[in-house]
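Protein chains in written order, with the numbering used here: chain A, 1 to 219; chain B, 1 to 219. Note that the Cβ used here is the ideal one computed from N, Cα and C, for glycine as well. These numbers come from a predicted model, not from an experiment. Taking it in order: structure first as structure tokens, then the write-up.
So this is what it looks like as structure tokens:
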């Protein structure tokens with residue numbers, strides 16, 4: 001009974017996500033769904049990605065939070081269109097929340113739409129929003145056991161960004177194990193090791209993302 | 001409609017949690033519901049708390065994870081009864097999962113039952129399990145903006161443990177802001193600053209918990 005209810009919710013979400021996707025295709029908007037635990041560095045990565053790619057692409061951001069607008073304020077401070085979704089308790093963003101946020105954006109002037117999900121390594125992985133790619137961040141203080149414990153997130157994501165590489169000397173993070181376990185769950189996972197604080201490794205991420213956007217636009 | 005379904009699930013959970021509570025009262029078992037983001041240090045705190053209090057109390061542990069048994073294995077290695085719940089995708093543990101785990105424990109030989117929830121700063125706060133106290137961990141690399149973003153967790157918890165204090169020199173964590181914002185949400189919140197790695201601050205946590213257990217047993 002409970003399972004049926006959940007299945008109906010997921011089915012309804014997939015329909016709305018597919019409608020979002022159709023609209024994004026028409027408008028040639030490449031959409032990222034950015035996910036991680038709380039505090040792994042999603043907003044910092046958004047800020048750095050804006051810095052790195054704003055000369056090449058027109059970027060907009062949808063920020064998902066349970067409440068408050070501090071992330072959207074951080075992005076808006078960069079002069080980038082930013083919409084805040086407040087989920088009002090919900091632990092993820094879904095297709096319908098994205099659909100309802102879109103009228104606040106000028107879709108004819110966006111090449112890259114970054115959506116930042118609620119900080120949660122579980123539920124967001126279940127809900128499509130019409131994205132081109134799910135990207136997840138694992139930060140080194142969280143530990144290398146996360147792929148084994150939260151497998152769906154690693155299976156669903158096209159990219160794993162290992163953030164806070166600068167903290168490696170101070171935390172017990174087994175980088176080889178994290179990579180190995182994540183790749184066991186998802187053989188084609190792209191992995192980038194970065195520090196949003198020092199900038200280390202970000203250039204490779206920018207290049208990959210720019211290549212994906214170009215390939216999508218030339219499709 | 002969706003809201004009604006959710007409310008029914010929560011109501012059913014509260015009934016089961018109350019039944020668990022009645023059983024724990026009869027058996028004089030003090031129960032902690034330990035919650036945090038992934039990788040904030042729940043299992044490390046469980047290990048340290050066992051070390052600190054095993055001479056005074058008989059301790060057992062229920063480990064909640066989406067899958068895998070590595071946390072229960074860590075606890076069992078200390079010679080403590082440990083039961084692993086695998087939620088099979090669910091983002092929290094609930095009253096029924098605890099009820100189904102109890103036959104695996106000898107309830108006549110437990111003074112303190114520590115339940116470690118799924119790593120998630122959102123959903124676990126909504127589900128009672130029959131605990132005496134909810135205890136949450138905030139780790140310094142997560143940042144001081146977490147109370148503002150995930151308020152229910154801070155409102156529902158009796159205790160906030162600020163872990164990884166040893167990383168303060170390397171992360172941008174505004175300790176005063178974290179304390180202030182958490183106390184604004186929950187005036188009576190008990191706060192302990194600790195490092196499970198160095199042991200700093202743990203003695204105060206042990207003393208508080210021991211006092212709570214004694215007060216409960218003498219009630």
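Under the Cβ criterion of 8 Å, residue 67 (chain B) is counted among the residues facing chain A. Here DSSP, grouped into helix, strand and coil, assigns residue 135 (chain B) to strand. Residue 188 (chain B) and residue 55 (chain B) have their C-alpha atoms spaced approximately 29 Å apart. Judged by beta-carbon spacing, residue 178 (chain B) lies beyond the 8 Å limit of residue 158 (chain B), meaning their Cβ atoms are not closer than that value. Using a CB distance cut-off of 8 Å, residue 30 (chain B) does not count as an interface residue toward chain A. In the structure shown, the three-state DSSP call for residue 84 (chain A) is strand. Rounded to the nearest angstrom, the Cβ distance from residue 40 (chain A) to residue 138 (chain A) is 7 Å, consistent with a contact under 8 Å. Taken in chain order, the complete alpha helix (DSSP H) segments of 4 or more residues contained in the region 50-110 of chain B are 70-76 and 95-101. Under the 10 Å beta carbon count, residue 70 (chain A) is surrounded by fewer than 16 other beta carbons and is classified as exposed. The Cβ of residue 48 (chain B) sits no closer than 8 Å to any Cβ of chain A. Residue-level contact check: residue 139 (chain A) touches chain B, since one or more beta carbons of chain B fall below 8 Å from its beta carbon. In the structure shown, the three-state DSSP call for residue 191 (chain A) is strand. Looking at the DSSP output, residue 114 (chain A) shares a beta bridge with A:32 and A:61. Comparing alpha-carbon positions, the option among A:95, A:166, A:82 and A:176 lying closest to residue 19 (chain A) turns out to be A:95. Boundaries of the beta strand (DSSP E) harbouring residue 162 (chain A): 159-163, taken from the DSSP string.
At a cut-off of 8 Å between beta-carbon atoms, residue 22 (chain B) makes no contact with chain A. Between residue 156 (chain B) and residue 125 (chain B), the beta carbon gap of about 5 Å places them in contact (Cβ cut-off 8 Å). Rounded to whole angstroms, the separation of the alpha carbons of residue 167 (chain A) and residue 26 (chain B) is 47 Å.
When the five nearest sequence neighbours on each side are left out, the beta carbons in the same chain lying within less than 7 Å of the beta carbon of residue 91 (chain A) are those of 118, 120 and 123, in order along the chain. Using a Cβ-Cβ cut-off of 7 Å, residue 164 (chain B) is close to 141 of chain A, given in chain order. Each residue's CA atom was taken as its position, placing residue 65 (chain A) and residue 85 (chain A) some 6 Å apart.
In this structure, residue 21 (chain A) places its C-beta atom within 8 Å of the C-beta atom of residue 130 (chain A). Residues of chain A whose Cβ lies closer than 9 Å to the Cβ of residue 146 (chain B) are, in chain order, 38, 39 and 119.
With a contact defined as Cβ atoms closer than 8 Å, residue 164 (chain B) and residue 169 (chain A) miss out at about 14 Å. Take the alpha-carbon of residue 127 (chain A) and the one of residue 196 (chain A): they are about 27 Å apart. Around the Cβ of residue 103 (chain B), a 10 Å sphere holds fewer than 16 other Cβ atoms; the residue is exposed. Counting along the chain, the unbroken alpha helix (DSSP H) around residue 154 (chain B) starts and ends at 151-156. Using a Cβ distance threshold of 8 Å, residue 98 (chain B) and residue 61 (chain B) do not count as a contacting pair.
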